[in-house]
Amino acid sequence: MLIYLVVLGFIVEGGLLDLERYSRQISLLEIGLEGQTRLRSAKVCLVGVGGLGCPAALQLTGMGVGYLRIIDRDTVSKTDLHRQYLYTTSDVGLPKVEAALKRLKDLNPDVEVDPIPEALTPSTAKRLIEGVDVVVDGLDRITPRYALNRACVDLKIPYVFGAAIELMGSATTVIPDETPCLECIYPSLSDENMDRCAIVGVHPSILSIVSSIQVSEAVRIIIGKKPSLAGKLFFADLSAPSFDFIEVARSKVCRVCGENRVAESPRPEVEVEESCARDGRGTFFITPSQPSALDLTSLERSLIRKGYQNIKKSQMGISFDYTPRMKVHILRSGYAVVQVSPPREERDKEEAYKAYLDAIESLKAV
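The working numbering applies: residue 5 is where the sequence shown begins, and numbers increase by one.
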């Protein structure tokens with residue numbers, strides 16, 4: 005690549021490279037000027053901007069990747085703030101990708117940040133990640149991780165897995181057709197049988213460690229070096245503390261990358277999923293089979309006309325009180341988060357879905 009020196013920057017593909025901003029990492033033999041130009045040209049997809057995704061997003065943006073796609077269906081909760089440092093108290097209730105976009109652009113305006121307020125599911129995974137050089141996992145459940153792993157294997161996109169709970173964390177890098185995929189290492193897991201951070205907790209330090217390992221792996225892929233965790237599982241336990249590396253191998257009977265691959269089962273038209281309570285309230289995620297592009301201004305007018313209270317519209321979402329004990333957050337993409345105050349009632353899941361339908365259906369009358 006032909007490079008021209010201009011004052012304190014280089015003209016590279018994509019524009020001027022700010023040498024002063026990146027000088028401390030350009031000085032690294034690991035990266036250098038060539039590595040920095042590769043970072044500038046790279047396209048990274050970060051799925052989830054929660055406990056793992058927040059530090060990963062900050063590092064990738066600070067390091068100057070050219071394009072960062074951030075995907076999350078959630079809104080900022082007060083219970084997020086002790087560990088998710090992309091957000092502040094004033095962001096509570098906003099779509100995470102909207103709040104993250106502002107912070108990341110303030111951190112580094114050189115980076116093109118593409119916020120996607122959607123859920124990654126088996127039916128959306130390939131569309132959401134296509135066209136990038138590497139995918140970084142910031143998810144917190146195994147079901148969407150399985151969908152992400154499968155999509156990466158099918159599209160042959162490197163996938164950097166990471167997970168953390170309590171004081172423990174793990175990570176590995178999946179290179180399709182070369183290394184074990186996630187289901188080779190962790191087959192047949194179920195979210196119902198796994199611990200959740202809302203129940204057992206998670207230490208911010210383990211999130212920072214695992215996400216930093218993930219970013220290091222993603223950067224190695226981008227700059228053309230072999231990832232350190234290809235065919236290896238990193239495991240950390242801060243209660244000791246200890247750091248271990250385990251050799252892992254591909255499985256011939258893997259449902260995703262083995263000799264007899266198994267197709268995904270179709271999903272229901274709309275999925276209503278109960279999550280752990282947040283901010284003292286029960287939480288339900290509502291995922292349509294296909295995203296939409298809601299007109300938030302029209303939705304706001306319809307909600308006002310129907311007399312709902314505490315309506316707050318932002319660029320990527322809108323929230324309102326459906327009843328005194330039920331708050332609904334609807335993202336521009338059609339996904340929703342419904343929070344219900346205690347006491348827990350048997351009909352809460354059904355009522356959460358009804359609140360969502362009432363809001364969406366009201367658009368037809370506008």
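The C-beta atom is built at its ideal place from N, Cα and C for all residues, glycine as well. Model, not experiment: these values are computed from the prediction.
Every unbroken stretch of the alpha helix (DSSP H) spanning 4 or more residues and falling wholly within the region 18 to 67 is given here in chain order: 23 to 30, 36 to 45 and 57 to 67. Beta-bridge partners of Q343 (DSSP): T287 and K331. In the DSSP annotation of this structure, the continuous segment of the alpha helix (DSSP H) that includes Q218 starts and ends at P208 to I226. With a threshold of 16 other beta carbon atoms within 10 Å, L132 meets it and is buried. Cβ contact annotation for A151 (same chain, cutoff 7 Å, sequence separation greater than five): L124, T125, P126 and A129, in chain order. Counted as a single uninterrupted DSSP element, the stretch harbouring A356 is not any beta strand (DSSP E) but the alpha helix (DSSP H) occupying residues D352 to S366. For P119, the enclosing beta strand (DSSP E) has its first and last residue at E116 to I120.
Under the three-state reduction of DSSP, C156 is assigned to helix. Annotation: the continuous alpha helix (DSSP H) that includes V101 extends over K100 to L111. Here the C-alpha atom of S194 lies approximately 14 Å from the C-alpha atom of L143. Cβ-Cβ separation between R285 and V341: approximately 11 Å, too far for a contact (criterion under 8 Å). Linking P292 to Q40 through their CA atoms gives a straight-line distance of about 40 Å. The three-state secondary structure of R309, taken from DSSP, is helix. Per the coordinates, the alpha-carbon of K317 lies some 14 Å from the alpha-carbon of V80.
In the three-state DSSP reduction, P292 falls in the strand class (E or B).
The continuous stretches of alpha helix (DSSP H) do not include L72, which lies in the beta strand (DSSP E) extending over residues Y71 to I75. Between the region 134 to 149 and the region 164 to 175, the count of Cβ pairs shorter than 8 Å is three or higher; the stretches touch. Annotation for V136: K47, V48, C49, R73 and I161 place their beta carbon closer than 7 Å to its own, counting only its chain and skipping 5 residues before and after. In terms of CA proximity to L361, Y339 leads the group A222, Y339, A175 and G311.
Taking G262 as the centre and dropping the five residues before and after it, the same chain places the C-beta of S255 and K256 closer than 7 Å to its C-beta, in chain order. Taking the Cα positions, P328 is about 11 Å away from P346.
Ranked by Cα distance from S216, the first of S45, L21 and L64 is L64.
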